[in-house]
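In terms of the working numbering, the sequence shown opens at residue 119 and continues consecutively.
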Amino acid sequence: MLCRMSLESRSPAAALTRLPAGVLGSAFVLLWCTGYPAARIGLDHSAPFTLLALRFGGAGLLFTLLALLGGVRWPRGRAALHSLVVGALQLGLQFGSLYWAAARGVNVGLIALVIGTMPIVTALLGLAWFGERVRAPQWLGFAFGFAGVALAVGESVHPGAGADTSAYVAVLAGLLAISVGTLYQKHHGSNVDPRSGLALQNLGATALLLPLAAIEGFRFELSPGSAAALGWMIGVNSLSAFGLFFVLLRRGAVNQVATLFFLMPPVTAVMDYLVLGDSLTMAKVCGIAVAALGVYLATRPATVPALARSDKPVSAGPLPEARRSCPARGG
């Protein structure tokens, strides 16, 4: 037992928990956003469910290997079920719905705008289900954050070509899946080792997506570009970004972690400019600044009242009464 605890305390996940939250949050946003240009490249060579099944299947096998090499404890019973539910929501349903909607013709700018409301939806669900209070500065931060998202993607929002009602319903399903999945993981799925927990999440999502990939005929055109995109999504997005997401949810408030998603569309616009050569307009640059202000306001810790910060000791009771209750000394 002592040996297991020593190994777990020296694990990469344990080392990450000692880093400042700002460093972890910045790394998470950057790594997560690289997945969007990688997915665009991958979808040029693959059907959506096939690409996701390959991504999550590969990540699940790698997390399993890391868990076995680290000798970590695997979730059992309800803990294992919780991890599978998180995987079904955050991975299978969220990505499956959004990739399918994009393949059906929904404009990617509109998808980004809808998913940009995720911190607000998560806060409302947390308030309704768990009584998680949201302070006034956080709501102000949410407003600025969504304004930044709108600035970043507003120019690219237009009606989808040939998209039907079911495709737009799928976008809303993806929004609910990531919001509910984030809350569910925070309250039920964070008390496990990230390696074994993420292994179950990814393998569970793969099992859900495989039948849909079979319907597509497992279409994947192997080429240097598709192989590089798939490798990046597995190694960087699934292993690194989701590993950081797991650690951030474990150590922080769910609303503060969700607020980081306001930065995704603006930062992705920069990634698309650097990787894919998309235009980088002044509105997109302003979107980064406005969204960053929103994240700052929403994640700033509450101010402690001056009385609570006072270093003066508080008297526990009237001293004269205490003296009279003591027996007298001497004659």
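C-beta atoms are modelled at their ideal positions from N, C-alpha and C, and glycine is treated no differently.
Cβ-Cβ distance between F363 and V375 below 9 Å
The answer is yes: Cβ separation under 9 Å.
heavy atom of the ligand ZN below 8 Å from S274 C-beta:
Looking at this structure, you won't find the ligand ZN or any other ligand, since it has none at all.
How long is the line joining the alpha carbons of Y391 and S274, rounded to whole angstroms?
14 Å
What do you get for A295, buried or exposed, if any count of 16 or more other CB atoms within 10 angstroms of its CB means buried?
Buried, since its Cβ has 16 or more Cβ neighbours within 10 Å.
V287 versus G189 - alpha carbon distance
42 Å
In this structure, what does DSSP give as the bridge partners for F338?
S164
Could you give the distance in angstroms between the alpha-carbon of G153 and the alpha-carbon of A254?
33 Å
Going straight from the alpha carbon of L202 to that of A220, what length do you get?
About 25 Å.
Distance CB(G223)-CB(A281) smaller than 9 Å
yes
Decide if I333 is buried, meaning its Cβ has at least 16 other Cβ atoms within 10 Å, or exposed.
exposed
Candidates A410, S358 and K402: closest to T377 by CA position:
A410
Please state whether the Cβ-Cβ distance between A331 and A171 is less than 9 Å.
yes
For H276, which of helix, strand or coil comes out of DSSP?
coil
Check each candidate in N373, C404 and G272 and name the one with the smallest Cα separation from T252.
The displayed chain sequence assigns Val, not Thr, to residue 252. Nearest of N373, C404 and G272 to V252, Cα basis: N373.
Endpoints, the alpha helix (DSSP H) within which V204 is located
R196 to V204
Residue interval of the alpha helix (DSSP H) (run including Q374)
Per DSSP, Q374 belongs to the alpha helix (DSSP H) from V372 to T377.
Can you tell me whether M400 is buried or exposed? The criterion is at least 16 other CB atoms within 10 Å of its CB, across all chains shown.
exposed
What residue range does the alpha helix (DSSP H) around K402 cover?
M400 to T417
Since A323 and G205 are thought to touch, with beta carbons under 8 Å apart, how far apart are those beta carbons, to the nearest angstrom?
4 Å
Does DSSP put F397 in a helix, a strand or coil?
Note that residue 397 is Ser in the sequence shown here, rather than Phe. Note: S397 maps to coil in three-state DSSP.
Taking 9 Å as the threshold (C-beta atoms), are L148 and A385 in contact?
Looking at the sequence itself, residue 385 is Val, so the reference to Ala does not match. In contact: V385 and L148 (Cβ atoms closer than 9 Å).
In this structure, does DSSP put P193 in helix, strand or coil?
coil
Does the distance from the CB of G234 to the CB of G263 come in under 9 Å?
yes
What do you get for W218, buried or exposed, if any count of 16 or more other CB atoms within 10 angstroms of its CB means buried?
Taking a 10 Å sphere around the C-beta of W218, we find 16 or more other C-beta atoms and assign the residue as buried.
Within the continuous alpha helix (DSSP H) that includes A254, where are the two ends?
A254 to V271
In angstroms with no decimal places, state the Cα-to-Cα distance between F379 and A325.
27 Å
DSSP state of S308, grouped into three classes?
coil
Is the beta carbon of L327 sitting closer than 9 Å to the one on F181?
no
Residue burial classification, N355 (beta-carbon count within 10 angstroms, cutoff 16)
buried
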